[in-house]
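Numbering (UniProt numbering), first residue to last: 1 to 603.
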């Protein structure tokens with residue numbers, strides 16, 4: 001065909017979600033170098049974890065793809081922080097690595113609205129009519145109204161094994177050689193980031209009897225509400241570094257490209273290499289490592305927490321210094337990868353380039369790390385690109401809506417000087433935006449965006465009507481002089497305990513019963529959080545549209561520069577921009593008050 005409304009470059013987790021979302025509106029092109037790599041899990045074969053499972057639950061509620069793929073290929077599920085409050089509980093799903101990619105390819109390649117194009121993007125050119133031409137290395141000129149660039153770690157990618165490097169986007173895959181140039185030509189500031197991955201070890205060479213076994217939860221859970229058929233089929237394991245591991249690292253730091261100065265890219269603080277752990281935390285005599293299978297019939301295991309850029313001959317000795325790995329055989333060596341990213345401060349909240357209208361970026365190209373962060377950005381960019389191509393009004397997801405809103409907000413208004421990772425601590429109202437209520441919060445948004453159909457919205461609304469009915473039943477019944485909800489608020493009581501007192505509930509699913517229990521037990525905390533949110537909302541919604549930041553003398557020079565660059569829409573967005581101080585926000589509020597009748601709220 002002669003053109004598409006949306007063309008997506010890249011078939012990783014961001015590209016998959018972008019194509020999936022955009023295809024709900026019209027036909028989409030997905031430009032990829034090698035179809036066999038679509039949906040590949042290049043790092044750990046798992047989805048979820050603290051701060052990340054919340055993203056996946058929200059993706060699922062918005063009509064995304066990752067939660068479905070994770071559940072269908074799950075081999076081990078576990079709820080982390082289960083003994084803590086619901087605000088920080090998170091689901092982690094171990095996946096069969098190859099099956100995940102195969103299932104992703106089945107879904108995407110079989111989609112009637114997605115055209116698969118094989119090739120490498122060489123340039124981006126304006127068509128002069130508000131659209132774009134993606135020029136490939138073989139000379140094709142592919143026309144699209146909107147483009148989503150989801151290049152992952154491939155833009156001018158270089159992998160490092162010790163101090164030896166080669167041009168690659170991932171192990172054995174060619175880099176995106178030319179995409180950086182059109183972005184830089186348009187004025188985008190490109191930064192150099194670095195990440196890495198651990199070695200993969202032959203499972204038949206590991207002595208699992210020496211490892212600590214971590215069983216799956218006996219009652220597995222899933223992102224879709226329906227756990228996969230093998231969700232509790234495999235354990236994972238744990239081992240640790242030893243004094244020999246630490247000695248080998250300390251004596252050979254000169255062979256690390258990071259410590260020798262060969263790598264200029266900034267690495268992730270919250271997912272450091274094993275070299276960084278040993279150097280930065282020298283007071284620890286051991287570091288825990290998680291041993292994760294790549295499938296039920298395990299041929300390889302993944303050493304989570306053992307990322308390294310040391311040369312292969314040292315990796316052999318390092319891995320064999322670990323308990324249970326004395327005879328280990330490495331099948332794929334660890335490596336570091338260095339790549340270009342755009343400055344996310346140059347993007348809108350929908351991840352559209354401010355310098356190239358109609359071009360959206362998603363995933364690690366925006367300076368994030370992790371499958372989940374990439375997938376969330378892909379859905380947002382794909383949806384916005386499709387809506388723009390069809391001339392539909394821009395719709396934004398705000399910070400207060402949940403983890404996806406926080407991710408977008410922090411990328412666009414704060415930026416990052418290292419690979420950004422989502423964590424529960426970044427979300428100030430996390431008690432209100434839990435993984436268990438993601439569908440209640442996000443499904444109506446997905447419906448309004450055109451991603452979720454009427455039947456799914458009705459299903460979610462009916463679910464929470466039943467939850468409210470369960471709460472009302474507790475409040476209406478008494479046992480031994482107290483209402484059912486009063487009994488349930490006791491720390492030592494659960495729903496079965498209250499029912500044992502003679503209090504009855506309507507028929508509820510396990511998820512609905514959990515929702516009732518959380519809402520009753522934490523009612524006081526939730527009310528306080530809601531009051532705080534409303535108080536913040538009184539000033540956060542004040543509009544800054546049309547404000548000339550350069551003309552406000554009371555602002556600091558840094559604030560004028562940062563506000564002028566980011567162009568925040570509201571006072572709340574301005575308050576989160578790095579370099580904008582409390583005094584600057586006060587100056588903005590004074591300015592808005594002086595404007596009098598011009599003060600309005602963002603709608």
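Every residue gets a Cβ at the ideal spot worked out from N, C-alpha and C, and that includes glycine. Since we're looking at a predicted model, the values are computed, not measured.
_Rounding to the nearest angstrom, what Cα-Cα distance links residue 500 and residue 310 in this structure?_
60 Å
_Less than 8 Å between C-beta atoms, sequence neighbours within five positions excluded: which residues of the same chain meet that for residue 180?_
155, 156, 190, 340
*Within the region 412 to 440, note down every full beta strand (DSSP E) run reaching 3 residues or more, in order along the chain.*
none
*Using the beta-carbon count (16 or more within 10 Å), is residue 290 buried or exposed?*
buried
*Look at the Cβ atom of residue 318, then the Cβ atom of residue 424, and state whether they are nearer than 9 Å.*
Not a contact, by the Cβ cut-off of 9 Å.
*So the beta strand (DSSP E) residue 134 belongs to, where does it begin and stop?*
132 to 136
_Buried versus exposed, by CB contacts within 10 Å (16 or more), residue 555_ = buried
*Where residue 590 sits in the DSSP three-state scheme*: helix
_Can you tell me whether residue 391 is helix, strand or coil according to DSSP?_
coil
*Based on the DSSP output, what are the partners of residue 339 in its beta bridges?*
193
*Best match in 374, 532, 518, 568 for proximity to residue 398 [C-alpha to C-alpha]*: 568
*With a CB to CB cut of under 8 Å and the five nearest residues on each side skipped, what residues in its chain are close to residue 519?*
467, 471, 526
*In this structure, does DSSP put residue 284 in helix, strand or coil?*
Three-state result, residue 284: coil.
*asked:* Does residue 207 come out as helix, strand or coil in the three-state DSSP assignment?
replied: Residue 207 sits in coil when the DSSP states are folded into three classes, being neither helix nor strand.
*Have a look at 127, 56, 430 and flag the residue whose alpha-carbon is nearest the alpha-carbon of residue 88.*
430
*Taking C-beta to C-beta, are residue 67 and residue 24 nearer than 9 Å?*
no
*Which whole-angstrom value is the C-beta distance of residue 367 and residue 52, which I expect to be below 8 Å?*
That belief does not hold up - the Cβ atoms of residue 367 and residue 52 are roughly 17 Å apart, past 8 Å.
*The alpha helix (DSSP H) spanning residue 518 covers which residue range?*
510 to 521
*If you draw a straight line from the C-alpha of residue 583 to the C-alpha of residue 590, how long is it?*
Those two C-alpha atoms are separated by around 11 Å.
*Could you have a look at residue 223 and say whether DSSP puts it in helix, strand or coil?*
coil
*Please list, in chain order, all residues of the same chain as residue 449 whose beta carbon is under 7 Å from its beta carbon, the five residues on each side excluded.*
Hits under 7 Å: 383, 395.
_Sub-9 Å separation of residue 259 and residue 233 beta-carbons_ = Taking the C-beta atoms as reference points, residue 233 is found no nearer than 9 Å to residue 259.
*For the 8 Å Cβ check, are there 3 or more pairs between the region 112 to 125 and the region 545 to 560?*
No, the region 112 to 125 is not in contact with the region 545 to 560.
*For residue 243, which option in 321, 302, 261 has the closest C-alpha, if you only look at C-alpha atoms?*
321
*Should residue 199 be labelled buried (16 or more other beta-carbon atoms within 10 Å of its own) or exposed?*
buried
*Which residue from 142, 529, 401, 42 puts its Cα closest to that of residue 30?*
That would be 142, whose Cα lies nearest to the Cα of residue 30.
*Per DSSP, residue 90 is paired with what?*
80
*Ends of the alpha helix (DSSP H) at residue 60?*
53 to 61
*Taking the alpha helix (DSSP H) that residue 245 falls in, what are its first and last residues?*
243 to 251
*Going by DSSP, what residues sit across from residue 29 in a beta bridge?*
7, 115
_beta strand (DSSP E) segments (min. 3 residues) lying fully within the region 141 to 189_ = Considered as a whole, the region 141 to 189 harbours 141 to 149, 158 to 161, 164 to 167 as its complete beta strand (DSSP E) runs of no fewer than 3 residues, in chain order.
_Nearest by alpha-carbon distance to residue 389: which of 20, 9, 28 is it?_
28
*Within the same chain, show all residues whose beta-carbon is closer than 6 Å to that of residue 408, passing over the 5 residues directly before and after it, in chain order.*
Result list for residue 408: 349, in chain order.
*Per-residue DSSP class, three states only, for residue 40*: coil
*Buried or exposed: which applies to residue 297, given that a residue is buried once 16 or more other Cβ atoms fall within 10 Å of its Cβ?*
exposed
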